[in-house]
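With the first letter of the sequence shown counted as 1, position 150 gets the number 150 in full-length UniProt numbering; the numbers rise by one all the way through. Ideal Cβ placement from N, Cα and C applies to all residues, glycine included. To keep things clear, I will list the structure first and then write my remarks on it.
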Amino acid sequence: MALTAALKAQIAAWYKALQDQIPDFIPRAPQRQMIADVARTLAGEEGRHLAIEAPTGVGKTLSYLIPGIAIAREEQKTLVVSTANVALQDQIFSKDLPLLRKIIPDLRFTAAFGRGRYVCPRNLAALASSEPTQQDLLAFLDDELTPNNQEEQKRCARLKGDLDGYKWDGLRDHTDIAIDDDLVAAIKYR
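Below, the structure is given as structure tokens:
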């Protein structure tokens with residue numbers, strides 16, 4: 001695929017719009033160079049491979065997301081971004097992509113974290129309930145699915161309410177309710 005003038009203009013327009021979204025944004029030549037290099041690489045010019053190393057805060061993430069999204073759209077493909085750690089994955093999902101959605105209103109995205117980071121609704125329901133029910137009797141026969149105390153049961157009930165009410169996505173990092181390691185072990189998918 002060729003990097004057309006229209007595609008270059010789209011990337012430049014999104015970069016300019018990004019500058020307007022971030023207070024005190026300072027356009028930097030290294031960031032513009034990264035965007036251009038990523039665009040050329042993703043467009044398949046000369047069968048290139050690319051490795052970029054830069055200090056924290058330079059804007060590497062936005063430098064690959066902007067051209068990546070533009071080229072994926074042009075080719076009618078899905079852009080998949082994989083990270084080495086959950087912190088960067090969460091930053092992209094919770095901060096960078098919502099920021100880009102302000103300049104690309106129809107941008108759609110999702111994240112897939114490891115299953116151990118998500119709550120198991122069945123386990124949570126078992127720990128949130130103050131009494132066993134017939135429908136989930138097996139869960140209550142499992143010692144790991146019995147709340148350690150009334151406070152833990154109440155926390156689980158609040159979490160369940162947030163999950164059922166679509167106020168929480170079930171990702172353990174996305175709640176303000178304290179979840180200690182023992183509780184995480186009990187309510188996560190196994």
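### Task
Evaluate Phe25 with the Cβ neighbour count: other Cβ atoms within 10 Å of its Cβ, from every protein chain shown; 16 or more gives buried, anything less gives exposed.
Exposed.
### Message
Tell me the residue span of the alpha helix (DSSP H) that contains Val80.
### Response
Counting along the chain, no alpha helix (DSSP H) covers Val80, and no H or E run does either.
### Query
Cα separation between Ile179 and Ala186?
The straight-line gap from Cα to Cα measures roughly 10 Å.
### Query
In chain order, what residues of the same chain lie with their CB nearer than 8 Å to the CB of Arg155, ignoring the 5 residues before and after it?
Cβ-Cβ distances below 8 Å link Arg155 to Ile177, Ala178, Ile179 and Leu183 in the same chain, with the five nearest sequence neighbours on each side left out; the list follows chain order.
### Task
Taking 8 Å as the cut-off, decide whether the C-beta atoms of Pro98 and Leu163 are in contact.
In this structure, Pro98 sits away from Leu163, with a CB-CB distance that is not shorter than 8 Å.
#### Entry: Helix, strand or coil at Tyr118 according to DSSP, with G and I counted as helix
In the structure shown, Tyr118 adopts extended strand secondary structure according to DSSP, grouped into three states.
### Query
Helix, strand or coil for Leu50 per DSSP?
Per DSSP, reduced to three states, the secondary structure at Leu50 is coil, with no helix or strand assignment.
### Message
Quick check: the Cα distance between residue 204 and Ala112, rounded to an integer number of angstroms?
### Response
The shown model of the chain, from 1 to 190, leaves out residue 204, and the question about it has no answer.
### Message
Considering just the uninterrupted stretch of the alpha helix (DSSP H) at Gln19, what are its terminal residues?
### Response
Per DSSP, Gln19 belongs to the alpha helix (DSSP H) from Ala5 to Gln21.
### Query
When burial is assigned at 16 or more other CB atoms within 10 Å of the CB, is Pro55 buried or exposed?
Exposed, because fewer than 16 other Cβ atoms sit within 10 Å of the Cβ of Pro55.
### Task
Classify Leu171 as helix, strand or coil using the three-state DSSP reduction.
Shown here, Leu171 sits in a strand according to DSSP, grouped into three states.
#### Entry: CB-CB length for Gln21 against Ile103, believed under 8 Å
Between Gln21 and Ile103, the beta carbon gap of about 6 Å places them in contact (Cβ cut-off 8 Å).
### Query
Taking the alpha helix (DSSP H) that Arg32 falls in, what are its first and last residues?
Per DSSP, Arg32 belongs to the alpha helix (DSSP H) from Ala29 to Leu42.
### Query
Any idea what DSSP makes of Asp182, helix, strand or coil?
Three-state DSSP puts Asp182 in a helix.
### Message
Less than 8 Å between the beta carbons of Arg40 and Leu3, yes or no?
### Response
Arg40 places its beta carbon less than 8 Å from that of Leu3.
### Task
Under the assumption that Asp96 contacts Thr61 (Cβ atoms under 8 Å), give the Cβ distance between them as a whole number of angstroms.
Contact between Asp96 and Thr61 holds, since their C-beta atoms are separated by about 5 Å, short of 8 Å.
### Task
Name the two residues that bound the continuous alpha helix (DSSP H) containing Ala70.
Ala70 -> alpha helix (DSSP H) spans Lys60 to Glu74.
### Message
Quick check on the burial criterion: 16 or more other C-beta atoms within 10 angstroms. Buried or exposed for Gly161?
### Response
Answer is exposed; the Cβ neighbour count stays below 16.
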